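Heads up: the structure comes next, in structure tokens.
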Amino acid sequence: MKKFAVIGNPIGHSLSPHLHNYVYNSLGIEANYEKLKIQINEIPSIIDDLRNGVLSGINVTIPHKENIMQYLDDINPRAKSIGAVNIVMKNENKLFGNNTDWFGFTMSLKKNEIDVSGKEVIVLGAGGAAKSILFALKQSGVKKIILLNRTLQKAEELQDEIVFPNSLDYSVQMIKNDSIIINTTPIGMLSEQCPIDLGLLHENQTIIDVIYTPFQTALIKFGNKIGAKTLNGLDMFIYQALTSMDLWFGEDISKQVNFTQLKTYLENKLC
Ligand code: NAP
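Put into structure tokens, the structure is as follows:
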């Protein structure tokens with residue numbers, strides 16, 4: 048039986064084992080998926096497990112998406128340009144890193160009819176998830192991205208002709224009544240906190256939070272309350288996971304899965 052895992056810290060929130068094991072069971076795939084709480088100094092032992100076949104593949108989540116890259120033999124050029132890897136697979140005894148987060152995010156925008164083409168978007172956070180989302184936004188043809196991060200220097204490292212970095216403290220000056228706001232920080236995942244002042248939210252905004260546990264963060268709850276268009280991270284999460292399976296098994300597994308049934312199954316796990 049093939050064994051897969053997601054590595055991260057914190058990891059308790061991850062629905063990945065539920066999602067993957069549900070799909071493996073429903074499609075009769077002989078595989079098992081678990082979550083592993085891994086500190087940064089434990090990454091080399093996971094790499095050993097991949098090399099010696101104890102693990103057939105891993106997903107990588109907060110905060111290891113950038114650190115993992117130095118241990119891999121090869122990285123997909125797109126993932127390299129994004130600067131973050133969320134899936135590792137073994138190919139002819141070599142460890143190969145890729146990124147399915149950007150595609151997951153793009154698909155979630157499409158599914159929820161959120162059109163960012165030609166628009167200005169505000170992204171909160173400049174970590175692994177933000178890098179994938181910046182790539183997806185550029186692919187979708189955004190006009191301008193205002194990137195707000197606690198550590199300004201990390202946002203500045205991502206600056207280019209359409210990415211304009213600033214400190215998260217400047218959100219008051221940057222956020223408009225009709226902004227598209229995307230939270231990629233983990234604020235709201237383990238607490239009722241919000242990455243920006245709730246007073247900045249407005250009904251004409253589109254508010255996206257990549258967090259899916261809790262199902263509704265304080266940011267999304269307040270957005271819903273005032274009538275803004277909101278989207279949580281569950282659709283992105285499902286699409287990135289299905290794409291990971293397609294890469295591991297080399298088949299179009301995603302096409303055999305009923306998205307709505309899978310989403311309902313996961314939503315029930317979150318309640
Ligand atoms: P990461 O690489 O560790 O980056 C975290 C970012 O958030 C950094 O920019 C960090 O700022 C900022 N941040 C963290 N704590 C903060 C705080 N207390 N105040 C202000 N800023 C703070 O993490 P990641 O991999 O990008 O993941 C971020 C979140 O996205 C997690 O909740 C993860 O579960 C979620 N995610 C969801 C999906 C999905 O499929 N739905 C996919 C990927 C990630 P500094 O630079 O100042 O440290």
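The opening position of the sequence shown corresponds to residue 48 in the working numbering, with each subsequent residue numbered one higher. Where a beta carbon is used, it is the ideal one built from N, C-alpha and C, also for glycine. From a predicted model like this one, the values you see are computed outputs, not experimental measurements.
Length of the line joining the Cα atoms of residue i and residue j
| i | j | result |
| --- | --- | --- |
| residue 181 | residue 285 | 19 Å |
| residue 92 | residue 79 | 19 Å |
| residue 218 | residue 228 | 10 Å |
| residue 185 | residue 164 | 9 Å |
| residue 183 | residue 129 | 9 Å |
| residue 318 | residue 151 | 23 Å |
| residue 112 | residue 175 | 6 Å |
| residue 97 | residue 141 | 9 Å |
| residue 108 | residue 260 | 14 Å |
| residue 306 | residue 281 | 11 Å |
| residue 315 | residue 277 | 20 Å |
| residue 50 | residue 290 | 17 Å |
| residue 199 | residue 232 | 14 Å |
DSSP-derived helix/strand/coil call for residue i
| i | result |
| --- | --- |
| residue 136 | strand |
| residue 110 | coil |
| residue 144 | strand |
| residue 277 | strand |
| residue 215 | helix |
| residue 83 | strand |
| residue 197 | coil |
| residue 250 | coil |
| residue 179 | helix |
| residue 308 | helix |
Residue i - partner residues in DSSP beta bridges
| i | result |
| --- | --- |
| residue 229 | 170, 255 |
| residue 105 | 52, 135 |
| residue 210 | 192 |
| residue 371 | Nothing about residue 371 can be read from this structure; the chain reaches only from 48 to 318. |
| residue 121 | 143 |
| residue 78 | 49 |
Contact the stretch 187–207 vs the stretch 161–173: 3+ CB pairs below 8 Å:
yes
Inspect the CB distances between the stretch 141–157 and the stretch 204–222 and report whether three or more fall short of 8 Å.
no
Answer yes if the stretch 81–92 comes into contact with the stretch 53–71, meaning at least three C-beta pairs across the two stretches below 8 Å, and no otherwise.
yes
Should the stretch 271–282 be called in touch with the stretch 245–254, which here means at least 3 C-beta pairs below 8 Å?
yes
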